[in-house]
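**Q** A single structure is presented below for examination.
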Amino acid sequence: MIHSEFYYNLLDKLSIVAITGRSGRIIYVNDKFCLISGFKREELLGSNHRIINANYHPRSFFIDLWKTISSGETWRGEIKNKAKNGTYYWVDTFIIPEKDKNNNILYYYSVRFDITERKRNERELRGRNKELDQIKVLQSHQVRKPVANLLGLIDLVEPEGLNETNKKLFHMFKSITNELDESIRGIVSLENDL
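Quick note on numbering: the sequence shown equals residues 1 to 194 in UniProt numbering.
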C-alpha cells in the first residue's frame, strides 16, 4: 500500500499542483507551478487563477468548469495559460474537489501536466495538413486539366477517315489517355481519403 506522504511527494514531483479554497483563492502551489508560470510563490498565494488567465477560453468554458467542481465532480480539460513574462503554455488539468464527511467542499486540488509541446505540434500538423490540402487541389487540377483537354480533342477526331495504321494508333492513344485519366482520378480519390 502506498503511504499518503509518498503519494503526495510523487504527485508533487511529477505534476504542476495548486490547491485553492472554496472561494478560488490559491493556498498552495508547488515548485513546478512557480516554474511554468514564472510567478513567485508569494505572488500566487492569496490570488486566484485569473493571474495566469490567457484570455483564450470563452467565459462559458470557466462557467462550466466551476459548475462541475462546485457540484463536487472532478473536471478535466486543457487550459491555455499565460506566464508572468507574457508567454503562453498549455496544461492538461484535473481539478478534484476535497469534501468533508458531510460532503461539503473544503478545497480544490488542481493537478496539471504541461502539454505545450504537444499543442505546438498539433498546430504545426494542422498547418501542414492545410498546406497539403491546397497542394492536393492544385495538383489535381493541374494534372487533370491537360488530360481532360486531350480527351476533349480525342472526341473531336473522326477515326473513320484514318487509314488502318493511324486508326490503331488513335485507339491506342485514346486507351492510354483514358487509363491515365483513371489513374489520376484514383490518385485524387486516394488523396481525398487521407
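A virtual CB, placed ideally from N, CA and C, is assigned to each residue, including glycine.
Exposed or buried, which one is residue 69 when buried takes at least 16 other CB atoms within 10 Å?
**A** Looking at its Cβ environment, which holds 16 or more other Cβ atoms inside 10 Å, residue 69 is buried.
**Q** Which of helix, strand or coil does DSSP assign to residue 62?
**A** Of the three classes helix, strand and coil, the one that applies to residue 62 here is helix, per DSSP.
**Q** Hey, which unbroken runs of the beta strand (DSSP E) at 3 residues or more fall wholly within the UniProt domain "PAS" (23-60)?
**A** Taking only runs of at least 3 residues, the beta strand (DSSP E) segments lying wholly in the UniProt domain "PAS" (23-60) are 26-29.
**Q** Please name the residue, chosen from 55, 32 and 45, that lies closest to residue 10 on a Cα-to-Cα basis.
**A** Checked all of 55, 32 and 45; the closest Cα to residue 10 is 32.
**Q** Within 10 angstroms of the Cβ of residue 166, are there 16 or more other Cβ atoms? Answer buried if so, exposed if not.
**A** Flag for residue 166 reads exposed.
**Q** Is it true that the CB of residue 113 sits closer than 8 Å to the CB of residue 92?
**A** Going by C-beta atoms, residue 92 is nearer than 8 Å to residue 113.
**Q** Can you give me the Cβ contacts of residue 177 inside the same chain, cut-off strictly under 8 Å, excluding the 5 residues immediately before and after it?
**A** Excluding positions up to five away in sequence, the list reads 147, 150, 151 and 154.
**Q** Name the one or two DSSP bridge partners that residue 9 has.
**A** Answer is none; residue 9 lacks a bridge partner.
**Q** Go through the UniProt domain "PAC" (75-127) residue by residue and report every complete run of the beta strand (DSSP E) that reaches 3 residues or more, in order.
**A** 75-82, 88-99 and 105-114, all fully within the UniProt domain "PAC" (75-127).
**Q** Could you tell me if residue 104 is buried or exposed, where buried requires 16 or more neighbouring beta carbons within 10 angstroms of its beta carbon?
**A** Flag for residue 104 reads exposed.
**Q** If you check the beta carbons only, do residue 48 and residue 26 fall under 8 Å apart?
**A** Against a cut-off of 8 Å, the Cβ pair of residue 26 and residue 48 comes out as a contact.
**Q** Once DSSP output is grouped into helix, strand and coil, what is the label at residue 72?
**A** Residue state, collapsed to three classes: coil.
**Q** I'd like the span of the beta strand (DSSP E) that includes residue 17, first residue to last.
**A** Here the beta strand (DSSP E) through residue 17 covers 16-21.
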